[in-house]
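In my numbering, the protein residues as written are 122 to 394. Just so you know, even glycine gets a beta-carbon here, dropped at the ideal spot from N, CA and C. Note that the structure is a prediction, hence the values are computed from the model and not measured.
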């Protein structure tokens, strides 16, 4: 039996009663807005589509990454004078917040180019650095630049890219000592934190550091013998900055929201139909 993933003490499904989450809501206005959404949920229990969508507003309040975001959500809820207004607000968050952050369904990113025309690793590195400051035009370019920035390995698990590892023993590549004692696997260009990263939590006052102790699924295998803290780094400080922690927090909030409310699976089902 697979137990549902809980997030910040919350379980997928119905919104918990206001008294059970009062500690998560900082002001009476926050609690009042959440109570409005909880009652809204109770009024549509017999309609699965409306029920899933109604939960979105409640979980946004509980999962808001900052007080500013929570205050804005409260303001929009209070501005709704009826259930019709809440329906419209809920649909706005789904269409303009969750759906755009769903995993990109465009063409798969291609494998790394071998650059046979370049004779040395340093020459390839120079070309890659020059390209980093240009706007990528294809999925292949996005992946190539992200891998170069991240040292040809996954940011969280530190697993080397499979295509890179196949050529990592070539004389033109730098020291492969770490590569030889590490493992490798496929990499994909992530436009949003994947569902399994629902509990990738940033450490306060430590930029680009994240807790990985709650990661599960296939990532657990790669993290089993590693530190519970991972730091997003780049081997070359002259290349563009690492992913913005604020954007990662926004992406993570979206993933948590889609998981807890059930709207992520709902969107997938609608698109399949």
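Using CA atoms only, rank isn't needed, just tell me which of the options is closest to residue i.
{"i": "residue 181", "options": "210, 165, 168", "result": "210"}
{"i": "residue 156", "options": "193, 178, 272, 170", "result": "178"}
{"i": "residue 158", "options": "373, 305, 269, 202", "result": "202"}
{"i": "residue 190", "options": "171, 367, 149", "result": "367"}
{"i": "residue 371", "options": "184, 163, 139", "result": "184"}
{"i": "residue 375", "options": "153, 138, 282, 186", "result": "186"}
{"i": "residue 167", "options": "273, 144, 135", "result": "135"}
{"i": "residue 280", "options": "129, 287, 259, 308", "result": "308"}
Can you tell me whether residue i is buried or exposed? The criterion is at least 16 other CB atoms within 10 Å of its CB, across all chains shown.
{"i": "residue 147", "result": "exposed"}
{"i": "residue 304", "result": "exposed"}
{"i": "residue 170", "result": "exposed"}
{"i": "residue 271", "result": "buried"}
{"i": "residue 140", "result": "exposed"}
{"i": "residue 127", "result": "exposed"}
{"i": "residue 386", "result": "exposed"}
{"i": "residue 259", "result": "exposed"}
{"i": "residue 320", "result": "Confidence at residue 320 is low in this model, with a pLDDT of 46, below 50, so its placement is unreliable and no value can be given for it."}
{"i": "residue 164", "result": "exposed"}
{"i": "residue 234", "result": "At residue 234, the pLDDT of 47 sits below 50, so the modelled position is not reliable; the number obtained from the coordinates is stated separately. Exposed is the call here."}
{"i": "residue 226", "result": "Confidence is the limiting factor: at residue 226 the pLDDT is only 46, short of 50, which leaves the residue's position unreliable, though a coordinate-based value still follows. Exposed is the call here."}
Within a Cβ cutoff of 6 Å, which residues of the same chain sit near residue i, ignoring the five residues on either side of it in sequence?
{"i": "residue 151", "result": "195"}
{"i": "residue 217", "result": "none"}
{"i": "residue 145", "result": "183"}
Using the DSSP secondary-structure output, state which residues sit across from residue i in a beta bridge.
{"i": "residue 274", "result": "281"}
{"i": "residue 383", "result": "DSSP output for residue 383 lists no bridge partner at all."}
{"i": "residue 128", "result": "131"}
{"i": "residue 305", "result": "281"}
Using a Cβ-Cβ cutoff of less than 8 Å, which residues in the same chain neighbour residue i once the five nearest sequence positions on both sides are dropped?
{"i": "residue 384", "result": "173, 174, 176, 177, 215, 219, 378"}
{"i": "residue 188", "result": "147"}
{"i": "residue 200", "result": "206"}
{"i": "residue 212", "result": "174"}
{"i": "residue 406", "result": "Examination of residue 406 is not possible in this model, given that the chain is present from 122 through 394 alone."}
{"i": "residue 397", "result": "Here the chain covers residues 122 to 394 and nothing more, so residue 397 does not appear."}
Is residue j closer than 8 Å to residue i when the C-beta atoms are compared?
{"i": "residue 207", "j": "residue 269", "result": "no"}
{"i": "residue 133", "j": "residue 380", "result": "yes"}
{"i": "residue 273", "j": "residue 306", "result": "no"}
{"i": "residue 154", "j": "residue 198", "result": "yes"}
Cutting at 7 Å between CB atoms, please list the residues of its own chain near residue i, excluding the five before and the five after it.
{"i": "residue 143", "result": "152"}
{"i": "residue 382", "result": "173, 176, 177, 180"}
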